[in-house]
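**Q** Questions regarding the structure given below will be posed in turn.
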Amino acid sequence: MHKRLLALFLVIALVLTITLPAYAKDITAFGFDDNRQRRASGEGYLLKAGEGVKLEEFNTFWPIWETNNGDAYFVGKSYSQPLILSPDKFAGTGLDVSRPVVIIFAANRLYAFEVPGVDPTMPQEGRHWVVTDLLWGPIALPGGDFNQEPSASHPTYYQDSKGNKWIYVGTADGRLAIVDLKGQVVRTINLGGHRITSAPLVTEYMGQTIVIAGGGSDEKVYVVTNLGKQNPNVYSWQIGGAVTSSPAPLYDNAGKVIGFAIASDGGSGSVRLFEFSKILKRDANGWLVKAGNNAINFTSGMSGIPASFAVEGKSIYFSDKKGNFYKLTYQYSSNGITNAKITKLPASAEFSHPNTFINRSPALDSKYVYFPIVDYKGQGRGMVVAVDKVTGRRAKTTKLFQSRAVTAPVILEDANLLLVGTEDGWISMHQLDYSANSALMPQVGARQMAVREYKNLPRAYAEGLCSEISVANGWLAVGGTLSANLAKERGEVFLIKLYETAPDFIIDKIDPGTSKAEPGKTYRGVIYARRAPILPGKDESEWGTGIVPVNIESHKKVTLKGNFDAKDTKSVLQGLQAIETLVKLQPGESVQIPFEWTAPMDKDTAIIRAEINPLEEINYAFGETTTFRMYFERNYNNNAKMVTVPVELIDLIASKGSGKSQLKVGESGTYSVIVTSTSSTPITTDLVWRVNGKVVKSTQITVPAAGGKVTDSYTYTMPAENAGRTVTIEAEVNPNRNKPPKEKSFSNNKVSYAVEGEVIDLIAQQGEYNPALMVGESDYYSVVVKNAGDVPVTTDLVWRQNGKQIREISITIPAKGYKEDRIKFTMPHIKEGSTVKLEAEVNPYRNKPPKEKTFANNKATFPVECLGVDQRPQTGGGNPYLSK
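Written as structure tokens, this is what we have:
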């Protein structure tokens, strides 16, 4: 009787926003097949690179939980790559299987369950829980219980020549477990008691099925023969280091498996090539037995080989731990393997580093080898390097991830995509671009599947996404941890549905209703949306009702007209406001969505954007957020349209009214400004008046629509300090550039008047004056300063003797009056007949006031002649030369 599995958080993801093929190949072995090229391909795909592939999200994924009598608990942590088998593999088992089956080795237990068969477009409220069938399990295998560290061996499916359909997997205690598709343990075989960390290689030799597995820490490789015996034979060969890589097949010229390659991680690492003909033989009873220890051994110059090979014919690609990339080639003849050699690829020089770490396998396609670097130069961040198979040089790289790379890369060949899992629980998706113009494999999306657990503890093996990625039969499977808050053993296996076809929702056109707009004016537009017809031979019935959201955004929220409901939502373009409405579209149907929008006041271009089936952000458990689309589509290039409408900016224009150009001190004058507008509607804005740059009046005005005008005025009285100066009086409309914030031009928003204060004249004249003195004789000299103006003037006065200043004072001259100043002068001892020049100058610095009618009369001069030394006896008589 089948148990049930619950899948939580179907709402978490509507992802992989490309249409991917229903992959025909099963995943039967680690790396998808024994060659481990990690390529998924098949027929029926709809899109290739360059046709709108975007991968910011996958479609639906289910974290798989086991239920026990209705109580959910986790299947446990898995280090192993899931197998994905088609239903036909179960023919003859007696099991009723109609959908692909995922086989998981988790927490040392083996599970098989059918993938969910749900409608991915069920109402969003119902997406939280999805039920799927557990086919069989859990089968507890030797090596530890649920809570112990799980085996790192990957299960291998193999159908032998006798029709046995068995799953082979290594256990944590060093056994080989064989389980059939009914979920019954066929047998377990002890390989030596050490943890098996590799995927078994199962093949045929001399008519018998043989199994090869690396022995982990016991540094051996094991070959199991004679599975038909009650006690199969187990043979081992010493490798010289821990075996963490999986054995890879070696081929003859006809493509038949004739041996295997195995690598060790100990010391400098080694690679060994074993030919079956040199290590196995038939005994007298026809059983395969050990024949010898012959192997081709490469040990020089490598830094440990911790990951598995990728095989293409007689070329084997691998890397060491420190970022060196290698290619092993060989030939085959009747004598067996010849000319085997290992070449270090030139790209190694660019990426090898003592702090670089690699323990994941490369992938192959027709042109490149994709080497994953788990930790690049000790930065805690990984990357993928594409190396040209011909030149061995770097062709392209991804950018560094945000954390370490913890899965091998996977190639989705038909979609030209590369996927890789990271330590923080993301699958990073990259477009494969084979052009020589690009040095990068551009990231085209990412999807958080899990959360790296124990974030505050030292990083351990395989955190975040802890197993390898599998893609087959229309599904992707990967193991991970759901939350850092959960116990270590509580791992998850995540499933992602890949669809062969999907709907195509389209925004055909946005009609804004006008070819040009005025700021602040409202217009009516129409959005034309439709759903494309069903592709020939395809069926979209699984996509449900066709109810799909449409987001519309503009500078202000639009208003929907007609029978459309709206709710606020997040805009895509910064600075816009968005609403969402729901429409119903069956294949081939269309809809018109009428709306009203308002042209912005502060832009010269209006934007209207509409998107159908947009990305939306949601919150889910453990405080995480993610984005999703309601529908997975076959084309996202046509989901959005944007139109721009030129906005004819208004213009506020300030013109001079009336006002005097000259004022006397104390006189008042009124100055006016006329403001007009080009707008079709009135505009309320600000107006300021300034005198010499200082705001003296602020007011608000309403400017009528085009054709009207508004006038404002300011009265100014000329103060005494501005006598003789020019005063600037200006008026400016919309001075803060915010009412409106943008105009056709701001250069015409201001007018100014230059107003001259009354011009005065200061006059300096001689007062007391004695034209001649004897040596040592003293007398008083005075200057009379007259003010011809109507206001008192305070200014400076200086006296000079022969050009040297001897006195400076500040004087105030009354209006229409005068002021006298005098000095006492004593004739120095100079040559008789010589002249001393005295002078008095008013307003000498030309700043009090700065302007006069003339400065030519601001100075009075007093030449004084020296009469020599007086030789006459002093009689007390008067000086006959003194004149007043």
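Mapping of the sequence shown onto the numbering used here: position 677 corresponds to residue 849, and the numbering continues sequentially without gaps.
Ideal Cβ placement from N, Cα and C applies to all residues, glycine included.
Tell me the DSSP secondary structure of I451 in three-state form.
**A** Against the sequence shown, residue 451 aligns to sequence position 279. Residue state, collapsed to three classes: helix.
**Q** Going along the chain, which unbroken runs of the beta strand (DSSP E) with 3 or more residues stay wholly within the region 964-1015?
**A** For the region 964-1015, whole beta strand (DSSP E) runs of length 3 or above, ordered along the chain, are 965-973, 976-985, 990-998 and 1007-1014.
**Q** For P854, which of W861, K334, Q872 and Y843 has the nearest alpha-carbon?
**A** Here residue 854 refers to the residue found at position 682 of the sequence shown. Selected option, being the one with the closest Cα: Q872.
**Q** Let me check one thing: in DSSP terms, what residues is R287 bridge-paired to?
**A** Sequence index remark: in the sequence shown, residue 287 carries index 115 (1-based). A small fix is needed here, since residue 287 is Val in this sequence, not Arg. Answer is none; V287 lacks a bridge partner.
**Q** Quick check: what's the CA-CA separation for R565 versus Q603?
**A** Stepping through the sequence shown from its first residue, residue 565 is reached at position 393. Stepping through the sequence shown from its first residue, residue 603 is reached at position 431. Taking the straight line joining both Cα atoms gives about 20 Å.
**Q** Our contact map puts E980 next to V956 with C-beta atoms below 8 Å; I'd like the distance itself, whole angstroms only.
**A** The count along the sequence shown starts at 1 and reaches residue 980 at position 808. The count along the sequence shown starts at 1 and reaches residue 956 at position 784. With a Cβ gap of about 18 Å, E980 and V956 do not count as contacting.
**Q** Compute the Euclidean distance between the alpha carbons of T770 and V730, then round it to the nearest angstrom.
**A** In the sequence shown, residue 770 corresponds to position 598, counting from 1. In the sequence shown, residue 730 corresponds to position 558, counting from 1. Roughly 8 Å between the two C-alpha positions.
**Q** Beta-carbon separation of I545 and I530 under 8 Å?
**A** Along the sequence shown, one-based indexing puts residue 545 at 373. Along the sequence shown, one-based indexing puts residue 530 at 358. In contact: I545 and I530 (Cβ atoms closer than 8 Å).
**Q** Mind checking which residues open and close the beta strand (DSSP E) that includes L736?
**A** Taking the sequence shown and counting its residues from 1, one reaches residue 736 at position 564. Leu is not the amino acid found at residue 736; the sequence shown has Phe there. First-last for F736: undefined, no H or E at that position.
**Q** On the CB-based measure, 16 or more other CB atoms within 10 Å of its CB, does L589 come out buried or exposed?
**A** For the purposes of this step, residue 589 is taken as residue 417 along the sequence shown, with counting starting at 1. L589 is buried by the Cβ-count criterion.
**Q** Is S713 helix, strand or coil by DSSP?
**A** Taking the first residue of the sequence shown as position 1, residue 713 is located at position 541. Correct three-state label for S713: helix.
**Q** Run through DSSP, which three-state label would E321 get?
**A** Counted from its first residue, the sequence shown places residue 321 at position 149. Three-state DSSP puts E321 in coil, outside helix and strand.
**Q** Closest by CA to G364, which one among M378, L353 and A344?
**A** As a working note, residue 364 is residue 192 in the sequence shown. Here the closest residue by C-alpha is A344.
**Q** Find out if the Cβ-Cβ distance for the pair G961, I932 is shorter than 8 Å.
**A** Here residue 961 refers to the residue found at position 789 of the sequence shown. Here residue 932 refers to the residue found at position 760 of the sequence shown. Cβ atoms of G961 and I932: closer than 8 Å.
**Q** Hey, K450 and A435: beta-carbon distance below 8 Å or not?
**A** Residue mapping note: residue 450 aligns to position 278 of the sequence shown, counting from 1. Residue mapping note: residue 435 aligns to position 263 of the sequence shown, counting from 1. Contact flag unset, no.
**Q** Mapping DSSP to helix, strand and coil, what is F262?
**A** In the sequence shown, the residue the question calls residue 262 occupies position 90. Looking at F262 - three-state DSSP - the assignment turns out to be helix.
**Q** Using 8 Å as the Cβ pair cut-off and three pairs as the minimum, do the region 927-946 and the region 868-885 touch?
**A** No, the region 927-946 is not in contact with the region 868-885.
**Q** Look at the alpha carbon of Y377 and the alpha carbon of P721, and state the distance between them as a whole number of angstroms.
**A** Counting from one through the sequence shown, the residue named residue 377 turns up at place 205. Counting from one through the sequence shown, the residue named residue 721 turns up at place 549. Their backbone Cα atoms lie some 59 Å apart in a straight line.
**Q** Can you give the beta carbon distance from P288 to A649, rounded, assuming they're within the 8 Å contact cut?
**A** The sequence position of residue 288 within the sequence shown is 116, counting from 1. The sequence position of residue 649 within the sequence shown is 477, counting from 1. That pair is no contact at about 12 Å.
**Q** On the criterion of 16 or more Cβ atoms from any shown chain inside 10 Å, does G652 qualify as buried, or is it exposed?
**A** Locating residue 652 in the sequence shown gives position 480, where the first residue counts as 1. Classification for G652: buried.
**Q** Would you identify the three-state DSSP class for E893, choosing helix, strand or coil?
**A** Taking the sequence shown and counting its residues from 1, the one referred to as residue 893 is at position 721. Note: E893 maps to helix in three-state DSSP.
**Q** Taking only the alpha-carbon atoms, compute the straight-line gap between L859 and A877 and give it to the nearest angstrom.
**A** In the sequence shown, the residue the question calls residue 859 occupies position 687. In the sequence shown, the residue the question calls residue 877 occupies position 705. Going from the Cα of L859 to the Cα of A877 covers about 17 Å.
**Q** May I ask you to list the residues that DSSP assigns as paired with L748?
**A** Position 576 of the sequence shown, counted from the first residue, corresponds to residue 748. DSSP lists no partner for L748.
**Q** Around the Cβ of V819, are there at least 16 other Cβ atoms within 10 angstroms (buried) or fewer (exposed)?
**A** Your numbering for residue 819 matches position 647 in the sequence shown. Buried, by the Cβ-count rule.
**Q** Can you list, in chain order, the stretches of the beta strand (DSSP E) that have 3 or more residues and sit fully within the region 332-366?
**A** Counting whole runs of 3 or more residues, the region 332-366 contains the beta strand (DSSP E) stretches 337-342, 347-352 and 357-362.
**Q** If you follow the beta strand (DSSP E) that A567 is part of, which residue opens it and which one closes it?
**A** Taking the sequence shown and counting its residues from 1, one reaches residue 567 at position 395. Taken as a continuous stretch (DSSP letters only), the beta strand (DSSP E) holding A567 covers R566 to T569.
**Q** Answer with buried or exposed for G266, where buried requires no fewer than 16 other C-beta atoms within 10 angstroms of its C-beta.
**A** Counted from its first residue, the sequence shown places residue 266 at position 94. G266 should be labelled exposed.
**Q** Identify the continuous alpha helix (DSSP H) that holds A521 and give its terminal residues.
**A** Here residue 521 corresponds to residue number 349 of the sequence shown, with the count starting at 1. S520 to F523 is the extent of the alpha helix (DSSP H) around A521.
**Q** Since G709 contacts L757 with CB under 8 Å, what's their CB separation in whole angstroms?
**A** In the sequence shown, residue 709 corresponds to position 537, counting from 1. In the sequence shown, residue 757 corresponds to position 585, counting from 1. Not really, about 21 Å apart at Cβ, beyond 8 Å.
**Q** Just to confirm, are F204 and A212 a CB contact at a threshold of 8 Å?
**A** As a working mapping, residue 204 is identified with position 32 in the sequence shown. As a working mapping, residue 212 is identified with position 40 in the sequence shown. Yes, Cβ-Cβ distance for F204 and A212 is below 8 Å.
**Q** Could you check where the beta strand (DSSP E) with K1020 kicks off and where it finishes?
**A** In the sequence shown, the residue the question calls residue 1020 occupies position 848. Note, K1020: premise wrong, no beta strand (DSSP E); not H, not E.
**Q** Could you tell me the boundaries of the beta strand (DSSP E) in which I935 lies?
**A** What you label residue 935 is simply residue 763 of the sequence shown in a count that begins at 1. Unbroken beta strand (DSSP E) run through I935: L934 to Q938.
**Q** Along the chain, where does the beta strand (DSSP E) that runs through E1037 open and close?
**A** Here residue 1037 refers to the residue found at position 865 of the sequence shown. Taken as a continuous stretch (DSSP letters only), the beta strand (DSSP E) holding E1037 covers K1031 to C1038.
**Q** For I751, which residues in the same chain have their Cβ closer than 8 Å to its Cβ, ignoring the five residues on either side in sequence?
**A** Start at 1 with the first residue of the sequence shown, and residue 751 comes out as number 579. N723, I724, E725, K729, V730, L732, A738, K739, D740 and T741, listed in sequence order.
**Q** Assuming E391 and I361 make a contact with CB atoms under 8 Å, what is their CB distance in whole Å?
**A** As a first step, residue 391 is located in the sequence shown; it is residue number 219 there, counting from the start. As a first step, residue 361 is located in the sequence shown; it is residue number 189 there, counting from the start. The Cβ separation is near 19 Å, so there is no contact.
**Q** Under DSSP, the beta strand (DSSP E) around V905 begins and ends at which residues?
**A** As a first step, residue 905 must be located in the sequence shown, where it is residue number 733. T898 to V905 is the extent of the beta strand (DSSP E) around V905.
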